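Enquirer: Protein chains in written order, with the working numbering: chain A, 939 to 1160; chain B, 60 to 319. Ideal Cβ positions, reconstructed from N, Cα and C, are used throughout, including at glycine. This one's a predicted model, so the numbers in the text were calculated from it and none came from an experiment.
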Amino acid sequence: MVVLNGLELKTPESGIIAVLGPNGSGKTTLIKSILGMVVPQKGEIEVNGQRVKKHWNYRENIDYLPQIANFPGNLKVKELIDMIKDLRGKEARDWELIELFKLEPFLQKKLNNLSGGSKQKVNLVLCFMFNSPLIILDEPTSGLDPVSLIRLRKLIQQEKENGKTILITSHIMNFVEEISDRIVFLLEGKIYFNGTVEELKTSTGEKDFEHAIANILTGNHA
Amino acid sequence: MLKILKYSFYDLSRSLWSYVYFFFYLLLGVVLLFLNNDLSNAVITLMNVIIVLVPLIGTIFGVMYFYNSREFTELLLAQPVRRSSIFLGQYLGVAISLSASLILGLGLPFIIYGLFQSGAIWDFVSLLVSGVFLSFIFTALAFNIALSYENKIKGFGLAILLWLFLAVVYDGLFLLSLVYFQDYPLDKFSLVASMLNPIDLSRILILLKLDISALLGYTGAVFKQFFGTGLGAFTSIGVLILWVLLPVWRIKYISAKKDF
């Protein structure tokens, strides 16, 4: 099955890039291709000048937040965090994040017994605890309560100020509008729009971001 | 890879099934030895059990573990770890923990019984060696099936069919063809046919060691005649190693191309 076809995208050094698109437009496939989880049939992907295909070291420089927080259910939260730390062998700021998301009471619980939102918080800790220059977030907001959402937003802003590149997919438009420097709009595996939020608004003639997005969708695919 | 192996092994060591498997062998060993009081009889009975049961547990456990650890696998795939290390690490974790259950479960009662003072120790070792081989072979085959089929039901069905074929149907077909073609020379045919089935191969390996010609059967007799006891054992071990290496190579090959 061809999901992404003829997609060419270059991202600048740092800033927040939002990948948007309707369900099934290939956002997750794009992210998984960057991570090497999906093997492209054709074409090349490079991360920091390193080819992705048949390599794995480049993932040292990527922090990834998967869309669905699937974890081995019989592990405890603490064990999972320690395991990932052990696998990466890098310095980690797990305690800082555990405190930020108020996860202390859950550390000795098994992942099977956590609610969706708590799992997502564990997911966030695992993702942000390493200091990697590229951060990929697939639907980071899913299942989070408003307080955690605000904390997450702050965290993302902080990472941006540290000069990192952050790739985000999300369905929550005001979240995207507020934080992203650049919008990449995918439609049926192709890039439909690539520019800033302002450019999107002017090109569609809509003042509201959500409407501008809806305009792209309905205008071409009604 | 060692880190993945460590965590897979750790995960399995907390699984109830590993202990059920271990206690089953423990019980079997104790019952056979202390009620039967005959070491070489016990080894033969154990052989019959191991040759059927180890492949069955190996396939089922392998398939089950692979499907159940999908989340773990996805988590690992995004980490800076080589793909082949993830799958080979998980495979070795399952195969080693199954082998450990077998070796410990049967070894403990035999040691308590006084195995080290008896001459049957090498018979027992050959039993364990083939059991370990069968665990490694059938776990690898199970991983191959699970990697090729996303659908769990399909994967399970195929794994059971594979076991049924190699453990039961194959011998029937083999016997039928021996009867049907009895007018022709069948030595080469039966040699090749037994090498193509790891279960037959390990049976021959154990029986060659035990040196009970009555139980060897036609294939075993041909084997013995063709290779002699020493070379026969050597060849069958060689082919068993191939039976491990080929599926393991295929695990590596498929996993490198698969999308997750």
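Closer than 8 Å, Cβ to Cβ, to anything on chain A: give me those residues from the stretch 129 to 151 of chain B, in chain order.
Expert: Listed in sequence order: R129, E130, F131, E133, L134, L135, L136, A137, Q138, P139, V140, R141, R142.
Enquirer: Any heavy atom of the ligand MN within a distance shorter than 7 Å of the CB on T294/B?
Expert: Absent from the structure shown: the ligand MN. Ligands present: none.
Enquirer: Given that a residue counts as buried once 16 or more other Cβ atoms are within 10 Å of its Cβ, and exposed if not, what is H1159/A?
Expert: Taking the first sequence and counting its residues from 1, one reaches residue 1159/A at position 221. Because the pLDDT at H1159/A is just 48, under 50, the model does not fix this residue reliably, and the point stays unresolved.
Enquirer: Terminal residues of the continuous alpha helix (DSSP H) containing P246/B?
Expert: Numbered from its first residue, the second sequence carries residue 246/B at position 187. In the sequence on display, residue 246/B carries Asp and not Pro. Taken as a continuous stretch (DSSP letters only), the alpha helix (DSSP H) holding D246/B covers 246 to 254.
Enquirer: What residues from chain B crowd round V977/A, counting only those whose CB sits closer than 7 Å?
Expert: Taking the first sequence and counting its residues from 1, the one referred to as residue 977/A is at position 39. Here the neighbours are K316, D318.
Enquirer: Determine whether the Cβ of Y66/B lies closer than 8 Å to any Cβ atom of chain D.
Expert: Looking for chain D here will not work: the only protein chains present are A and B.
Enquirer: Quick check for students: name the residue ranges of the alpha helix (DSSP H) that lie wholly in the stretch 160 to 206 of chain B, counting only runs of 4 or more.
Expert: Listed in chain order, there is nothing to give.
Enquirer: Measuring CB to CB, does L1045/A end up less than 8 Å from K1016/A?
Expert: Position 107 of the first sequence holds residue 1045/A. Position 78 of the first sequence holds residue 1016/A. In this structure, K1016/A lies closer than 8 Å to L1045/A by Cβ.
Enquirer: I'd like the span of the alpha helix (DSSP H) that includes D70/B, first residue to last.
Expert: The residue given as residue 70/B occupies position 11 in the second sequence. Start and end: 61 to 72.
Enquirer: Which residue comes first and which comes last in the alpha helix (DSSP H) that contains T967/A?
Expert: As a working mapping, residue 967/A is identified with position 29 in the first sequence. Looking at the DSSP string, the run of the alpha helix (DSSP H) that includes T967/A is 965 to 973.
Enquirer: Let me check one thing: in DSSP terms, what residues is N1132/A bridge-paired to?
Expert: Counting from 1 along the first sequence, the entry for residue 1132/A is found at position 194. Answer is V1122/A.
Enquirer: Here's a check: name, in chain order, each residue in its chain whose Cβ is nearer than 7 Å to the Cβ of G1101/A, leaving out the five neighbours to either side.
Expert: On the first sequence, residue 1101/A is found 163 positions in, with the first residue counted as 1. Result list for G1101/A: S952, in chain order.
Enquirer: According to DSSP, is A956/A helix, strand or coil?
Expert: Working through the first sequence from its first residue, we reach residue 956/A at position 18. In the structure shown, A956/A sits in a strand (DSSP, three-state: E or B).
Enquirer: Exposed or buried, R1150/A, counting other C-beta atoms within 10 Å across all chains shown (16 or more means buried)?
Expert: By 1-based counting over the first sequence, the position of residue 1150/A is 212. Here the sequence assigns Ala to residue 1150/A, which means Arg is not the residue at that position. Buried, since its Cβ has 16 or more Cβ neighbours within 10 Å.
Enquirer: Below 9 Å on C-beta distance, what does R73/B contact in chain A?
Expert: For the purposes of this step, residue 73/B is identified with residue 14 of the second sequence, where counting begins at 1. Correct list: N1012.
Enquirer: Return the CA-CA distance between G964/A and I1154/A, expressed in angstroms with no decimal places.
Expert: Here residue 964/A refers to the residue found at position 26 when the first sequence is read from its first residue. Here residue 1154/A refers to the residue found at position 216 when the first sequence is read from its first residue. G964/A and I1154/A: Cα-Cα distance of roughly 16 Å.
Enquirer: Please report the straight-line C-alpha distance between V184/B and M254/B, rounded to a whole angstrom.
Expert: Mapped onto the second sequence, residue 184/B falls at position 125. Mapped onto the second sequence, residue 254/B falls at position 195. So the two alpha carbons sit approximately 21 Å from each other.
Enquirer: Between I116/B and L157/B, is the Cβ-Cβ spacing less than 8 Å?
Expert: Locating residue 116/B in the second sequence gives position 57, where the first residue counts as 1. Locating residue 157/B in the second sequence gives position 98, where the first residue counts as 1. Their beta carbons are under 8 Å apart, which means I116/B touches L157/B by this criterion.
Enquirer: Quick check on this structure: which residue in S1070/A, T1134/A, K1059/A has the alpha carbon closest to the alpha carbon of G1027/A?
Expert: Here residue 1027/A is taken as the residue at index 89 of the first sequence, counted from 1. Closest by alpha carbon: S1070/A.
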